[in-house]
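These notes are about the structure you will find just below.
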Amino acid sequence: MSRLALCLLAAASAAFAAPAAAQPDWSGASRVEVKLASFSYTPRSIHLRAGQPVVLHLVNVASGGHDFAAREFFAAATLRNPGAVARGRVELGGHESRDVALVPRAGHYPLKCTHTFHQMFGMTGEIVVD
Ligand SMILES: [Cu+2]
């Protein structure tokens, strides 16, 4: 192996080692299921552990679309895949489900569905992280 190749290899392993150490251990993430229906979240109060990786398994059991809108919650959390959340919400079509892996930060956050009238019909909840 050439001297240049060895240098590149060393640089590459350093580059991989540094961010990996800072990454949460996703393999140890717990799984929390939240059902979306017309017009409710189950559970209505979602309790999570601060700083602990978790996979939110969002299941829309309704035939119509709903979303899981929690702007402050997502803004404070570390998302495994930031692209999974757009403008603080996760959109789910009828009978769709989605996993969102994140590390939540302590706090008390409001949850709602932003579809027309859904919040008024009671589609709200809360996320408690402590
Ligand atoms: Cu809705």
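Sequential numbering of the sequence shown, starting at -6, is according to the numbering used here. For each residue, glycine too, the CB sits at the ideal point set by N, CA and C. These numbers come from a predicted model, not from an experiment.
Reduced DSSP secondary structure (H/G/I, E/B, other) of residue i
i	result
Ser31	coil
Ala63	coil
Ser56	coil
Pro75	helix
Gly81	coil
Gly118	strand
Gly44	coil
Ala22	coil
Ala99	coil
Ala94	strand
Proximal residues to residue i (C-beta, below 6 Å), its chain only, five neighbours per side dropped
i	result
Pro26	Note that residue 26 is Glu in the sequence shown, not Pro. For Glu26, where only same-chain residues beyond five positions count, the Cβ hits under 6 Å are His50.
Glu84	Asp60
Pro36	none
Phe114	Phe32
Cβ-based neighbour list, residue i, same chain, cut-off 7 Å, excluding 5 preceding and 5 following
i	result
Val78	Phe67, Leu72 and Val93
Ser31	Ala55 and Gly57
Lys105	Ala62, Gln112, Met116 and Thr117
Trp19	Pro46, Arg73 and Ala94
Gly44	Val96
Asp123	Ala43 and Ala99
Anticipated Cβ contact below 8 Å, residue i with residue j, distance rounded
i	j	result
Leu29	Ala55	7 Å
Val121	Ser33	17 Å between Cβ atoms; not a contact.
Proximal residues to residue i (C-beta, below 8 Å), its chain only, five neighbours per side dropped
i	result
Ser90	His50, Leu51, Val52 and Asn53
Val47	Ala22, Ser23, Arg24, Val25, Leu41, Ala94, Leu95, Val96 and Pro97
Glu65	Gly81, Gly100, Tyr102 and Pro103
Thr107	Asp60, Ala62 and Arg82
Ala156	With the chain represented from -6 up to 123, any question about residue 156 goes unanswered, as that position is not in the structure.
His88	Asn53, Val54, Ala55 and Ser56
Pro75	none
Gly86	Asn53 and Gly58
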